Amino acid sequence: MTSLIMLFIAIFCVASLTYVYAYRGQARYASFGEYLRKGWPIFTPFNCLLYLFTKSKAKPAIMDMTEFPELQELQDNWEMIREEALELMAEGGFDSIGDPKSASYYDVGFRTFYKYGWTKFYLNWYGYTHESAKSTCPKTIELLSKIPSVNGAMFSVLPPGGQLTRHLDPVACSLRYHLGLDTPNDDKCYISIDDTPYSWRDGEPLLFDVTFLHFAHNDAHKPRLILMCDIERPMSWLGSILNWPYKILMKAFIVPNTDADKRGLFNRIFAGLIPALERSKNLKETNLVAYKTLKYTVNTTLFVLLGLLVWGVISGVIWLVS
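Number 16 in our numbering belongs to position 14 of the sequence shown; there are no gaps in the numbering.
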């Protein structure tokens, strides 16, 4: 019985990787190498399980907002949200995010965006509400607390000339919601989702699946400020059960804005790991072989840790059905 289950899992994994690489959506990877670098193939089989049990209204790359009436309250209050976000920005609430001396800098999920000028301020994240957000954005926090489908939320800024290179999020547990707060209102400031462009406008919402390839540019002359939320993926009851471990995992990715906020497990690990990697970059100039050895050792270790996590979930499934 166990052998048959393992065979089925192996076939499903291969089929999932093939589907996501070659058939899902309109945008295609430039090469299989790009898929391995940016496609998070280790999560693909689990994501495909979630796709199978996702309700039809949430299957497109970009959703029809009329299918999600519970989010209308956010759009109805966009000016209030903008007021708190602009005040936070004026008071320097985003400034420490890009400072390596701050714990908020060590964000596993979004760290690669910093070098392109992107920054953020967390409001809540998978069951935890940031203390710093409670004191600076109380009205927005109260509003978010009334919408159960919001798993996480933050303010996000993309400056003039800023960009987010082509990527996708590794985990399909949520959809991504954008609400324009103070944007250029210009087609030069846009996001492309599965080869479909969308330009942000003040007070206008967007809901999309972050596991489709997407990228963003702000080629206008004004920063783009939005409310960005993770929204519960609509699924059948079985899909919700499968999604539960993912949502538990996301709790480990809590990133603080200030010292008053809780720190997740991966934030603590990352804060200790990255400074060492930064210092190791000097090796690139003095000892390329040692640099590459260290780089691949760290990457392999992280991959193995993720693999052990995935294997643990698979073993749990086998135990439940055998």
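Backbone N, C-alpha and C fix where the C-beta goes; we use that ideal spot for every residue, glycine too. Note that the coordinates shown come from a computational prediction; the quantities given were computed from them, not determined experimentally.
So for Glu81, helix, strand or coil by DSSP? helix
Looking at the unbroken alpha helix (DSSP H) that takes in Cys50, where does it start and where does it end? Thr46 to Leu54
Cβ neighbour criterion (16 or more within 10 Å) applied to His216: buried
Chain-order list of residues whose beta-carbon lies under 7 Å from that of Ala222 (same chain, five-residue window excluded): Pro162, Pro186, Asp188, Lys190 and Cys191
So, Ile250 versus Ser176, is the Cβ gap smaller than 8 Å? no
Going by Cα to Cα distance, which pick from His180, Ala63, Ile11 and Trp127 is closest to Thr198? Ala63
So, with DSSP's three-state summary, where would you put Cys175? coil
Please classify Lys122 as buried or exposed, where buried requires at least 16 neighbouring CB atoms within 10 angstroms. buried
What separation, rounded to the nearest whole angstrom, lies between the Cα atoms of Ala29 and Cys231? 24 Å
What is the C-beta distance between Ser134 and Asn259, in whole angstroms, given that I count them as a contact (C-beta under 8 Å)? 4 Å
Inside the segment 95-139 only - beta strand (DSSP E) runs reaching at least 3 residues: 121-127
What first and last residue would you give for the beta strand (DSSP E) that runs through Phe34? Phe34 -> not in any beta strand (DSSP E); alpha helix (DSSP H) instead, spanning Phe34 to Lys40.
Under a three-way DSSP split, which group does Val16 fall into? helix
Can you tell me the Cα-Cα spacing of Gly164 and Gly119, whole angstroms? 5 Å
Hey, Arg178 and Val212 are a contact pair by Cβ (cut 8 Å); roughly how many whole angstroms apart? 4 Å
Note the first and the last residue of the continuous alpha helix (DSSP H) segment covering Leu251. Trp239 to Met252
Please state whether the Cβ-Cβ distance between His180 and Leu208 is less than 8 Å. yes
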